[in-house]
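Asker:
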Amino acid sequence: METSIEKITPYDEFNYPIPEAEFPKAGMSARAAAAIVISSEWTDANPMLNMSSFVTTWAEPEAAETAKRNIFKNYIDHDMYPQLFAMETRMVKWLHELWNGPKGVEPYGTATVGSSEACMLAGLAHKWNWRQKREADGKDASKPNMVTGGDVQIVWKKFLRYFDVEPRIVPLKPGNYRLTAEELDKYVDENTIAVVAIAGQTFTGEDDDIQGIHDWLDGYEKKTGISIPMHIDGANGGFINPFLYPDYKWDFRLPRVQSINASGHKYGLVPPGLGWVVFRE
Ligand SMILES: Cc1ncc(COP(=O)(O)O)c(C=O)c1O
Numbered sequence: 004m005e006t007s008i009e010k011i012t013p014y015d016e017f018n019y020p021i022p023e024a025e026f027p028k029a030g031m032s033a034r035a036a037a038a039i040v041i042s043s044e045w046t047d048a049n050p051m052l053n054m055s056s057f058v059t060t061w062a063e064p065e066a067a068e069t070a071k072r073n074i075f076k077n078y079i080d081h082d083m084y085p086q087l088f089a090m091e092t093r094m095v096k097w098l099h100e101l102w103n104g105p106k107g108v109e110p111y112g113t114a115t116v117g118s119s120e121a122c123m124l125a126g127l128a129h130k131w132n133w134r135q136k137r138e139a140d141g142k143d144a145s146k147p148n149m150v151t152g153g154d155v156q157i158v159w160k161k162f163l164r165y166f167d168v169e170p171r172i173v174p175l176k177p178g179n180y181r182l183t184a185e186e187l188d189k190y191v192d193e194n195t196i197a198v199v200a201i202a203g204q205t206f207t208g209e210d211d212d213i214q215g216i217h218d219w220l221d222g223y224e225k226k227t228g229i230s231i232p233m234h235i236d237g238a239n240g241g242f243i244n245p246f247l248y249p250d251y252k253w254d255f256r257l258p259r260v261q262s263i264n265a266s267g268h269k270y271g272l273v274p275p276g277l278g279w280v281v282f283r284e
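Counting from 4, one number per residue, gives the positions in the sequence shown under our numbering.
#1: Once you ignore the five residues that flank G126 on each side, which residues in its own chain have a CB closer than 6 Å to its CB?
#2: Can you tell me which residues form a DSSP beta bridge with M233?
#3: Could you tell me which residues DSSP pairs with N1 in its beta bridges?
#4: Span of the beta strand (DSSP E) holding E185?
#5: Is any non-hydrogen atom of ligand 1 found closer than 7 Å to the C-beta of S119, if you look at the structure I gave you?
#6: Based on the DSSP secondary-structure assignment, which residues constitute the bridge partners of N136?
#7: Taking 7 Å as the cut-off, does the CB of T205 come closer than this to any heavy atom belonging to ligand 1?
#8: Taking 7 Å as the cut-off, is the beta-carbon of N53 closer than that to any non-hydrogen atom of ligand 1?
#9: Compute the distance between the beta-carbons of G278 and G117, then report whether it is under 8 Å.
#10: Inspect the beta-carbon positions of V158 and C122 and report whether they are closer than 8 Å.
#11: When the distance is taken between beta carbons, is V155 closer than 8 Å to T195?
#12: Who are the near neighbours of W219 in its chain, counting only those whose CB is closer than 6 Å to its CB and skipping five residues on each side?
#13: Whose C-beta lies closer than 8 Å to the C-beta of E91 among residues of the same chain, with five residues either side of it excluded?
#14: On the CB-based measure, 16 or more other CB atoms within 10 Å of its CB, does P20 come out buried or exposed?
#15: For I39, which of helix, strand or coil comes out of DSSP?
#16: Give me the residue from G152, P22, N103, Y165 with the minimum Cα distance to T205.
#17: In this structure, what does DSSP give as the bridge partners for N179?
#18: By the three-class DSSP mapping on this structure, what secondary structure does T6 have?
#19: Near K142, what residues of its chain come up, given a Cβ to Cβ distance below 8 Å and the 5 sequence neighbours on each side ignored?
#20: Using alpha carbons as the reference points, say which of F26, L247, A238, G30 lies closest to G267.
#21: So does H268 have its beta carbon nearer than 7 Å to some heavy atom of ligand 1?
#22: Any idea what DSSP makes of S145, helix, strand or coil?
#23: Rounded to whole angstroms, what is the Cα-Cα separation between Y180 and D211?
#24: Express the C-alpha separation of K130 and K136 in angstroms, rounding to a whole number.
#25: Classify I11 as helix, strand or coil using the three-state DSSP reduction.
#26: Compute the distance between the beta-carbons of G2 and R283, then report whether it is under 8 Å.
#27: When you measure from the CB of I172 to every non-hydrogen atom of ligand 1, does any distance come out below 7 Å?
#28: Suppose you measure from the CA of K10 to the CA of A38; what does that come to, to the nearest Å?
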């Protein structure tokens, strides 16, 4: 059988349509591939004008240059690229400090593709913690639920569905578009893995009543002996509250707050996509 390169059908850049549903039969020149990608992306949104999906519109040229220099690195290979991992670890420590994590504990967390991945990891950690505790107490660990507000971002609905956690979503009502403690007694119980409160919700930019929810959960523990942790979704607020409202307690200063996520790419100067999840300890 002849297998010489000449026998491979050359890709006719001009006449052969890009197949939609089957693997292309032949390759093409880099120039043709670039032309196709560039002409296809032409009608996509211009990131400079896209304020609606909370991504960076501009970055310093040094950021773009540094990204380009590192484009061939498989970041997850920490053996090969230990300095990159050291940078990530350093940033987790910075965030733990920025969000007022307790001193003297080892900060624990990770960079992620965005808050969506960070929320999934945080949700899973809460699910496993809850399950471990239930099993240690000899109790049924088959019906986890998570409580959050109707202002919750879609990623949490994905988390609940993918990871089989019952959604307990407190509905919004006219005049109140955030989660408060008001109706928690109808939603929280021994199977609640966490209450997720938002710092900087997607619809109005408001924070949920984080302190009110925290204090209500304290009272709930006093009454029932059940201790329920909080996760703060700081996708939007995580890099705003510490700088604009340093005295406002929305973070690890509240003991029930066990984990916080934030997006790097929602504030400027960070090309998409970067997120963080940081655990109290
Ligand atoms: C409150 C909230 N949580 C999570 C996300 C998901 O963030 P990302 O786009 O970084 O995955 C968003 C995005 O808009 C958000 O507003």
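Glycine included, C-beta positions come from ideal geometry on N, C-alpha and C. All figures in this text were calculated on a predicted structure; none of them were measured in a lab.
Answerer: Here's the rundown:
#1: Translated into the one-based positions of the sequence shown, residue 126 becomes position 123. Answer for G126: F162, listed in chain order.
#2: The residue labelled residue 233 in the question sits at position 230 within the sequence shown. Paired residues: V198, V260.
#3: Past the boundaries of the shown model lies residue 1; the chain is included only from 4 to 284, so the question cannot be answered.
#4: Along the sequence shown, read from residue 1 onward, the residue named residue 185 stands at position 182. Neither: E185 is in no beta strand (DSSP E) and is coded neither H nor E.
#5: Here residue 119 refers to the residue found at position 116 when the sequence shown is read from its first residue. True, at least one ligand heavy atom lies under 7 Å from that Cβ.
#6: One-based indexing of the sequence shown puts residue 136 at position 133. One detail in the question is off: residue 136 reads as Lys in this sequence, not Asn. Beta-bridge pairing links K136 to no other residue.
#7: Along the sequence shown, one-based indexing puts residue 205 at 202. Yes, ligand 1 has a heavy atom inside 7 Å of this Cβ.
#8: Position 50 of the sequence shown, counted from the start, is the residue given in the question as residue 53. Not so, every heavy atom of ligand 1 lies at least 7 Å from the Cβ.
#9: On the sequence shown, residue 278 is found 275 positions in, with the first residue counted as 1. On the sequence shown, residue 117 is found 114 positions in, with the first residue counted as 1. Yes, Cβ-Cβ distance for G278 and G117 is below 8 Å.
#10: Here residue 158 refers to the residue found at position 155 when the sequence shown is read from its first residue. Here residue 122 refers to the residue found at position 119 when the sequence shown is read from its first residue. A contact, by the Cβ cut-off of 8 Å.
#11: By one-based count along the sequence shown, residue 195 stands at place 192. By one-based count along the sequence shown, residue 155 stands at place 152. No, the Cβ-Cβ distance between T195 and V155 is not below 8 Å.
#12: Stepping through the sequence shown from its first residue, residue 219 is reached at position 216. Answer for W219: A184, L187, listed in chain order.
#13: Sequence index remark: in the sequence shown, residue 91 carries index 88 (1-based). Within the same chain, E91 has close Cβ partners T113, A114.
#14: Here the question's residue 20 lines up with position 17 in the sequence shown. It counts as exposed.
#15: By 1-based counting over the sequence shown, the position of residue 39 is 36. Here I39 sits in helix by DSSP.
#16: Position 202 of the sequence shown, counting from 1, holds the residue named residue 205. It is G152 whose Cα lies nearest to the Cα of T205.
#17: If you number the sequence shown from 1, residue 179 lands on position 176. Answer by DSSP bridge pairing, in chain order: K176.
#18: Along the sequence shown, read from residue 1 onward, the residue named residue 6 stands at position 3. Any answer about T6 is weak, because its pLDDT of 46 lies below 50 and its placement is not dependable; what the coordinates show is given next. T6 falls in the coil class under three-state DSSP.
#19: Along the sequence shown, one-based indexing puts residue 142 at 139. Closer than 8 Å at the Cβ level, and outside the excluded window around K142, lie E193.
#20: Locating residue 267 in the sequence shown gives position 264, where the first residue counts as 1. Residue A238 is the option with its Cα nearest to G267.
#21: In the sequence shown, the residue the question calls residue 268 occupies position 265. Checking the Cβ of H268 against ligand 1 gives yes.
#22: Your numbering for residue 145 matches position 142 in the sequence shown. If DSSP states are grouped into helix, strand and coil, S145 belongs with coil.
#23: For the purposes of this step, residue 180 is taken as the residue at position 177 of the sequence shown. For the purposes of this step, residue 211 is taken as the residue at position 208 of the sequence shown. Straight-line Cα distance between these residues: approximately 9 Å.
#24: Position 133 of the sequence shown holds residue 136. Position 127 of the sequence shown holds residue 130. Spanning the two alpha carbons is a distance of roughly 10 Å.
#25: As a working note, residue 11 is residue 8 in the sequence shown. Only weak support is given to the placement of I11: the predicted model assigns it a pLDDT of 47, under 50, and the question is left unresolved by the model.
#26: It is not possible to answer for residue 2, since the shown part of the chain is limited to 4 through 284.
#27: One-based indexing of the sequence shown puts residue 172 at position 169. Flag unset: Cβ of I172 not near ligand 1.
#28: The residue labelled residue 10 in the question sits at position 7 within the sequence shown. The residue labelled residue 38 in the question sits at position 35 within the sequence shown. With a pLDDT of only 49 at K10, under 50, the local geometry of the prediction cannot be trusted, and the value read off the model is given with reservation. In a straight line, the C-alpha of K10 is about 25 Å away from that of A38.
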